[in-house]
Amino acid sequence: MKVSLTPTWQYYQSLTADISQLKQSYQKQQVTATQLQTIGERLWNLTGLDTLPEHLEIISDQPNIHEIPWEMIYHPTHGFVALTQNFHLHLTRSFNNFSQKKIEFTKYYTASLKILLFTAQVQFTSQQPPLLLELEQFTLRRALAPLIAAGKVQLYAPDDGRFTTLCQLLQQPWDIVILSGHGFSQQNQAGIWFETDEHAQLITHNQLRQAFTNRNIYTVILTACQSLKIAIELHQLGIPHVIGMWENVLDRAACCFIETFCKTFVVKNSIVTALQQGRVAMTQLLSHHEIWQQKAVPDIGQWSLPILFSNQETQLIVSRKFLTRSPPQEKHKFLKFFIGRRSLLRRLSQSLQQGTPKFLWLWGKSGVGKTALAQHLAFNLIECGYTVIQYSSPSPQSLLQQLKQYFDIERESQLDTLYYLTEHPYLLLIDGDIANAAECLKILAQWDSPKLRIIITTCQLDLKLAHFQELQLQPIDYTDFCRYICAQGLPYSSFQLRLLYQATQGNFHAIQILENFAFPSDTTQFWQNIAILQRYLRSITD
Numbered sequence: 005m006k007v008s009l010t011p012t013w014q015y016y017q018s019l020t021a022d023i024s025q026l027k028q029s030y031q032k033q034q035v036t037a038t039q040l041q042t043i044g045e046r047l048w049n050l051t052g053l054d055t056l057p058e059h060l061e062i063i064s065d066q067p068n069i070h071e072i073p074w075e076m077i078y079h080p081t082h083g084f085v086a087l088t089q090n091f092h093l094h095l096t097r098s099f100n101n102f103s104q105k106k107i108e109f110t111k112y113y114t115a116s117l118k119i120l121l122f123t124a125q126v127q128f129t130s131q132q133p134p135l136l137l138e139l140e141q142f143t144l145r146r147a148l149a150p151l152i153a154a155g156k157v158q159l160y161a162p163d164d165g166r167f168t169t170l171c172q173l174l175q176q177p178w179d180i181v182i183l184s185g186h187g188f189s190q191q192n193q194a195g196i197w198f199e200t201d202e203h204a205q206l207i208t209h210n211q212l213r214q215a216f217t218n219r220n221i222y223t224v225i226l227t228a229c230q231s232l233k234i235a236i237e238l239h240q241l242g243i244p245h246v247i248g249m250w251e252n253v254l255d256r257a258a259c260c261f262i263e264t265f266c267k268t269f270v271v272k273n274s275i276v277t278a279l280q281q282g283r284v285a286m287t288q289l290l291s292h293h294e295i296w297q298q299k300a301v302p303d304i305g306q307w308s309l310p311i312l313f314s315n316q317e318t319q320l321i322v323s324r325k326f327l328t329r330s331p332p333q334e335k336h337k338f339l340k341f342f343i344g345r346r347s348l349l350r351r352l353s354q355s356l357q358q359g360t361p362k363f364l365w366l367w368g369k370s371g372v373g374k375t376a377l378a379q380h381l382a383f384n385l386i387e388c389g390y391t392v393i394q395y396s397s398p399s400p401q402s403l404l405q406q407l408k409q410y411f412d413i414e415r416e417s418q419l420d421t422l423y424y425l426t427e428h429p430y431l432l433l434i435d436g437d438i439a440n441a442a443e444c445l446k447i448l449a450q451w452d453s454p455k456l457r458i459i460i461t462t463c464q465l466d467l468k469l470a471h472f473q474e475l476q477l478q479p480i481d482y483t484d485f486c487r488y489i490c491a492q493g494l495p496y497s498s499f500q501l502r503l504l505y506q507a508t509q510g511n512f513h514a515i516q517i518l519e520n521f522a523f524p525s526d527t528t529q530f531w532q533n534i535a536i537l538q539r540y541l542r543s544i545t546d
């Protein structure tokens, strides 16, 4: 059902005052269901409807109407209707003075669905830790793994949150562009914070509008907080579907929404259906320590839900037959949750892809995260078309024997076997002692093949190889340590986290043991756990 709204100025002013008070309550983390219901009932009365339709489209030529949190509309009988499975809600502007021609997609059944997940990771103060954006990348990659493996979906999620990088990527056509990060909205200004090499950079809504102008993009999802104004402006450009957030969104809620939306959308569902599934899902997984940490728990968790701006909300762009699921390929064994080291990942990934250098040797203490970093770099190269051959030591086979087995050859000489690695884009991933691989590595390093990449991870740097970049990896910093613990859902206080970090220095072996501990019931148990962790670390380092 379509509802066209032109409320009186007095009514709108009164409603705006209530919404402003609600925002203040949210900032103090004191939002209650009663507050939401009160405003939701006023929104329902504003529609003038007698019965609840399954599909509600709000139409208005007044921009202020679109900045109202319609997702909290409350029906006297059905309650918060945006949380019901079969209800569809979206907004439409009643005028069509778009600044560019509407985008038409004609490749629905002949090409893979292209999705860009662009995350900007910035930190402002020690009291406001960075977002868990890596969790969004990991969850979406895992959810779409079968379709990615079958070539039905192309997902690109760079470890690069710079605005210049986004502008370069937007020159390509995308079916879905997802922007995650810190949003900003105050008075008539709105924007999103992007990464730089040193400090955060606030990109305004006008700059974002310019970046998206005349681009071939079908759907934009803004999970950044307070991104509604940006969503309205992007929709004015003629982008068919734009989703934004009226207020703040919690890390775990945004992650769940993106995963559910994409999984629903790519199996022949309309935008509004995928949106509604995502709305419901993002309110059903959050526990108190993940949402509000050590502060008081309100009776509503993620109450601010995404809103859709669309003029063709029922259109389908994917075919169920086209997106038939298939088993994931072996390459997805490298897909593991990885957090932190953004600038290092960006630099190393770009270097390996460009071949400057082609060979990388990561070394450092046990548990510092060498293998995890190497596997994340490997997955990035896989997305660029590389095939990974992994060799771990100690192994009953030498590297040469494993290569002969991999290529299914027996009688070729050592040089002939190694030559196979130069014919296609291969990544040789070596973890552990390289004694049984040293001779082969010396030959490969001298050849300097343009297609071959090599990553070695060891505790010691005990051999000099030509053309290798050597990098001693340091432990993760305190901020990334806290974010990793938070991602595991462990409700330690800031004081406890500081003590744990000092005791373990962010060692991943210790963190894995910590994940298996029951949460300490008292201070005595907490210190006993720390003692166990320290004894374990001494046993693996002595």
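Going from the sequence shown to my numbering is simple: count from 1 and add 4. Don't be surprised by glycine CBs; every beta carbon is placed ideally from N, CA and C.
If you draw a straight line from the alpha carbon of residue i to that of residue j, how long is it in whole angstroms?
{"i": "ILE236", "j": "LEU349", "result": "34 Å"}
{"i": "THR421", "j": "ARG345", "result": "36 Å"}
{"i": "PHE411", "j": "ILE459", "result": "20 Å"}
{"i": "SER189", "j": "SER64", "result": "22 Å"}
{"i": "CYS490", "j": "LYS374", "result": "21 Å"}
{"i": "SER543", "j": "GLU71", "result": "59 Å"}
{"i": "GLN2", "j": "ASP54", "result": "Past the boundaries of the shown model lies residue 2; the chain is included only from 5 to 546, so the question cannot be answered."}
{"i": "ASP22", "j": "GLY44", "result": "11 Å"}
{"i": "THR200", "j": "THR287", "result": "33 Å"}
{"i": "ILE311", "j": "SER24", "result": "18 Å"}
{"i": "LEU174", "j": "PRO57", "result": "37 Å"}
{"i": "GLN357", "j": "PHE383", "result": "12 Å"}
{"i": "LEU385", "j": "ILE182", "result": "22 Å"}
{"i": "PRO244", "j": "CYS260", "result": "23 Å"}
{"i": "THR551", "j": "GLN125", "result": "Missing from the structure shown is residue 551; the chain here goes from 5 to 546 and no further."}
{"i": "ALA507", "j": "LEU135", "result": "25 Å"}
{"i": "ALA442", "j": "LEU518", "result": "36 Å"}
{"i": "LYS272", "j": "PHE84", "result": "27 Å"}
{"i": "PRO162", "j": "THR528", "result": "43 Å"}
Evaluate residue i with the Cβ neighbour count: other Cβ atoms within 10 Å of its Cβ, from every protein chain shown; 16 or more gives buried, anything less gives exposed.
{"i": "SER323", "result": "In this prediction, SER323 scores a pLDDT of 49, lower than 50, which makes its location untrustworthy; no coordinate-derived value is stated."}
{"i": "ARG539", "result": "exposed"}
{"i": "ARG415", "result": "exposed"}
{"i": "SER498", "result": "exposed"}
{"i": "PHE523", "result": "exposed"}
{"i": "LEU327", "result": "Caution applies to LEU327, whose pLDDT of 49 falls short of 50 and renders its modelled position unreliable; the value that the coordinates give is listed next. Looking at its Cβ environment, which holds 16 or more other Cβ atoms inside 10 Å, LEU327 is buried."}
{"i": "HIS428", "result": "exposed"}
{"i": "ALA470", "result": "exposed"}
{"i": "HIS186", "result": "buried"}
{"i": "SER18", "result": "exposed"}
{"i": "CYS486", "result": "buried"}
{"i": "TRP74", "result": "buried"}
{"i": "LEU377", "result": "buried"}
{"i": "PRO331", "result": "Any reading at PRO331 needs caution, since the residue's pLDDT is 44, under 50, leaving its predicted position unreliable; the model's value is listed next. So PRO331 ends up on the exposed side."}
{"i": "LYS468", "result": "exposed"}
How close, in whole Å, do the beta carbons of residue i and residue j come, if the pair is a contact with beta carbons under 8 Å?
{"i": "SER397", "j": "ASP437", "result": "4 Å"}
{"i": "LEU477", "j": "VAL372", "result": "5 Å"}
{"i": "LEU117", "j": "ASP179", "result": "5 Å"}
Give the secondary structure of residue i by DSSP, where H, G and I count as helix, E and B as strand, and everything else as coil.
{"i": "ASP420", "result": "helix"}
{"i": "PHE338", "result": "helix"}
{"i": "GLN104", "result": "Confidence in GLN104 is poor, its pLDDT being 42 and thus under 50, which makes the residue's placement unreliable; the coordinate value appears in the next sentence. Looking at GLN104 - three-state DSSP - the assignment turns out to be coil, as it is neither helix nor strand."}
{"i": "LEU432", "result": "strand"}
{"i": "ALA194", "result": "strand"}
{"i": "LYS468", "result": "coil"}
{"i": "SER18", "result": "helix"}
{"i": "GLY44", "result": "helix"}
{"i": "GLN476", "result": "strand"}
{"i": "HIS79", "result": "strand"}
{"i": "HIS513", "result": "helix"}
{"i": "LEU56", "result": "coil"}
{"i": "TYR395", "result": "strand"}
{"i": "TYR482", "result": "helix"}
{"i": "GLY371", "result": "coil"}
{"i": "ASP303", "result": "Caution is warranted here: a pLDDT of 40 is assigned to ASP303, below 50, making its placement in the model unreliable, and the coordinate value is therefore given only provisionally. Of the three classes helix, strand and coil, the one that applies to ASP303 here is coil, per DSSP."}
{"i": "THR462", "result": "strand"}
{"i": "PRO244", "result": "coil"}
{"i": "TYR410", "result": "helix"}
Does chain B have any CB closer than 9 Å to the CB of residue i?
{"i": "GLY155", "result": "Going by chain labels, chain B is absent from the structure shown, which holds only one protein chain."}
Just to confirm, does residue i get its C-beta within under 8 Å of one of the non-hydrogen atoms of the ligand ATP?
{"i": "MET249", "result": "The ligand ATP is absent from the structure shown, which contains no ligand whatsoever."}
At a cut of 8 Å, does the stretch 192-206 reach the stretch 137-150 through at least three beta carbon pairs? Fewer than three Cβ pairs drawn from the stretch 192-206 and the stretch 137-150 lie within less than 8 Å of each other, which leaves the two stretches out of contact.
Given 8 Å as the limit, is there contact between the stretch 462-482 and the stretch 356-365, that is, 3 or more CB pairs closer than that? These segments touch.
Inspect the CB distances between the stretch 478-493 and the stretch 451-458 and report whether three or more fall short of 8 Å. Not touching, per the Cβ criterion.
Could you tell me whether the stretch 153-165 touches the stretch 82-94, using the rule of 3 or more Cβ pairs below 8 Å? Short answer: they don't touch.
Would you say the stretch 249-256 touches the stretch 212-219, given that touching needs at least three Cβ pairs under 8 Å? Segments in contact, no.
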